[in-house]
Amino acid sequence: MARIDLEHIKHSYLPHPKSDADYALKEVHHSWNDGGAYALLGPSGCGKTTLLSLISGLIHPSHGKILFDGEDVTELPTEHRNIAQVFQFPVIYDTMTVAENLAFPLRNRKVPEAEVDRRVKEIIEMIGLGDRANRRARGLTADQKQKISLGRGLVRSDVNAILFDEPLTVIDPHMKWVLRSQLKQLHRRFGFTMVYVTHDQTEALTFADTVVVMYEGQIVQIGSPSELFERPKHTFVGYFIGSPGMNVMPVRLDGKAAVLGSTRIELQGGASIGAGSKTELGIRPEYVKLGREGMPVAIRKVEDIGRHKIVRAALEGQELAMIVPEHTEIPGEPHISFDPKGINLYADSWRLDLEA
Ligand code: ADP
Ligand code: MG
87 MARIDLEHIK HSYLPHPKSD ADYALKEVHH SWNDGGAYAL LGPSGCGKTT
137 LLSLISGLIH PSHGKILFDG EDVTELPTEH RNIAQVFQFP VIYDTMTVAE
187 NLAFPLRNRK VPEAEVDRRV KEIIEMIGLG DRANRRARGL TADQKQKISL
237 GRGLVRSDVN AILFDEPLTV IDPHMKWVLR SQLKQLHRRF GFTMVYVTHD
287 QTEALTFADT VVVMYEGQIV QIGSPSELFE RPKHTFVGYF IGSPGMNVMP
337 VRLDGKAAVL GSTRIELQGG ASIGAGSKTE LGIRPEYVKL GREGMPVAIR
387 KVEDIGRHKI VRAALEGQEL AMIVPEHTEI PGEPHISFDP KGINLYADSW
437 RLDLEA
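Each position in the sequence shown, counted from 1, maps to that position plus 86 in this note's numbering.
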């Protein structure tokens, strides 16, 4: 296992990139700690696969260096980086049996047969294909093939890191949950450095200790699930994580208050911002309280989601969602208030630290 440092990495698929917009990855300067379990989370097209391919050596960065345990591997081809990879779709040998497919990466590296046997048995049970060990892969279903692919990624114990690129896309929802829990257990047991790419927040938040959120070719926040929830560094993190995502509304700053139309929202401090910056207030639906006091709102819609309701309302014409307990009555003259600890302030989409 290794620590992986990405030093000022930029990547463009164009031969002569000119502006920032020509880069699929803008600037990434980041370390993956030895033994860490990371999720790389972001919408389709934000650069997740590009970043993973740079680590594995499938593509060469336009700028910057990649180090494994301090050693520069930027010029090393994939096969010399000692990385295991699992892709979105199965990469297996159709003519080999399930067991042979799993044994392949080990035999390739001249692992003694007794050890091959032991590892293959262990992994085959984990992926739930114990009863199909001697069946050829060709006849199996798409999700069984993907499980073999996953198993091939996990079978070696001497890799620098295991990279997963949306590996559970073709797996059914229940098995998804099972495999994800097993990956997490495996991480606890063997301490592999794991980077798990996904566009699904639930997957990211349940798998990883540290979530790296990407947006338009940039890393916008690295944090624990609770940091991403409580203190989104960028409004995108606020929208993308949470269900529904954070409410973001345009405001004007006036000392220690944010002003929305004729409504003043007291803040825990003020902030100095540059002239012409776009200022916004962010508050998650969980921190909006519905009652008879506070700021008057118009209720637009109530959605029942089991133990909670999502209430959609308009404050000064601004759409806003709140999550309230199931049996909450909607008052005749509805008002809302914001829990001060849930308020975040943004200038040009980046979070501000308030000064007392
Ligand atoms: P993600 O995995 O987050 O969906 P990708 O890393 O695949 O994103 O893509 C990032 C950007 O780079 C996208 O705009 C995509 O169109 C572009 N891109 C990806 N692969 C190539 C390629 N081989 N050639 C040209 N552009 C590419
Ligand atoms: Mg991708």
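Ideal Cβ placement from N, Cα and C applies to all residues, glycine included.
Sequence-distant residues of the same chain with beta carbon closer than 8 Å to residue i, five excluded per side
i: Lys270; result: Ala123, Thr292 and Phe293
i: Ile210; result: Val184, Ala185, Leu188, Gly216, Ala219 and Gly237
i: Ser117; result: Arg89, Ile90, Asp91 and Leu92
i: Arg393; result: Pro411 and Glu412
i: Ala442; result: Gln354 and Gly355
i: Leu192; result: Glu201, Val202, Arg205, Val206, Val241 and Arg242
i: Gln174; result: Asp251, Glu252, Pro253, Thr255 and Val256
i: Asp434; result: Ser363 and Lys364
i: Val306; result: Val299, Met300, Lys319, His320, Phe322 and Val323
Limits of the unbroken alpha helix (DSSP H) element including residue i
i: Val202; result: Glu199 to Met212
i: Ala377; result: In the sequence on display, residue 377 carries Gly and not Ala. First-last for Gly377: Val374 to Gly377, but that is the beta strand (DSSP E), not the alpha helix (DSSP H).
i: Lys134; result: Lys134 to Ser142
i: Leu314; result: Pro311 to Glu316
For residue i, the three-state DSSP class (helix, strand or coil)
i: Asp390; result: strand
i: Pro411; result: strand
i: Leu291; result: helix
i: Arg275; result: helix
i: Ala361; result: coil
i: Lys342; result: coil
i: Asp91; result: strand
i: Gly324; result: helix
i: Met280; result: strand
i: Arg224; result: helix
i: Lys151; result: strand
i: His146; result: coil
i: His260; result: helix
i: Arg437; result: strand
i: Gly356; result: strand
i: Glu161; result: coil
i: Lys196; result: coil
i: Lys319; result: coil
i: Phe190; result: helix
i: Ser329; result: coil
i: Ile215; result: Looking at the sequence shown, residue 215 is not Ile but Leu. Residue state, collapsed to three classes: coil.
i: Ile234; result: helix
i: Pro176; result: coil
i: Ser267; result: helix
Residue i - partner residues in DSSP beta bridges
i: Met300; result: Ile305
i: Thr183; result: Arg222
i: His421; result: Gly377 and Pro382
i: Asp251; result: Val283
i: Arg398; result: Lys387 and Ala407
i: Glu366; result: Pro336 and Tyr432
i: Ala170; result: Ile248
i: Lys96; result: His149
Cβ neighbours of residue i in the same chain (closer than 6 Å, five flanking residues each side left out)
i: Ala388; result: In the sequence as displayed, the identity of residue 388 is Val instead of Ala. Only Lys395 and Val397 meet the Cβ criterion.
i: Leu176; result: This sequence places Pro at residue 176; Leu is not what is there. Cβ neighbours of Pro176 beyond the five flanking positions: Lys231, Gln232 and Ser235.
i: Glu372; result: Ile409
i: Pro336; result: Glu366
i: Ala228; result: Val256
Unbroken beta strand (DSSP E) run spanning residue i, endpoints
i: Ser243; result: Looking at the DSSP string, Ser243 is not in any beta strand (DSSP E), and its letter there is neither H nor E.
i: Pro336; result: Asn333 to Pro336
i: Leu126; result: Ala123 to Leu127
i: Glu352; result: Thr349 to Glu352
i: Ser105; result: Premise fails: Ser105 is in no beta strand (DSSP E) and is neither H nor E.
i: Leu111; result: Leu111 to Trp118
Beta-carbon proximity list for residue i, same chain, < 7 Å, skipping 5 on both sides
i: Ile429; result: Leu353, Leu367 and Ile369
i: Arg386; result: Arg398, Ala399 and Ala400
i: Gly133; result: Ala110, Leu111, Met300 and Gly303
i: Leu440; result: Leu353, Gln354, Gly355, Gly356, Ala357 and Leu431
i: Val297; result: Ala125, Leu127, Ala290, Leu291, Gly309, Pro311 and Leu314
i: Leu162; result: Gly143
Residues around the ligand ADP, please: the condition is that the C-beta lies closer than 6 Å to some non-hydrogen atom of it. Selection output, chain order preserved: Tyr99, Ala110, Gly128, Ser130, Gly131, Cys132, Gly133, Lys134, Thr135 and Thr136.
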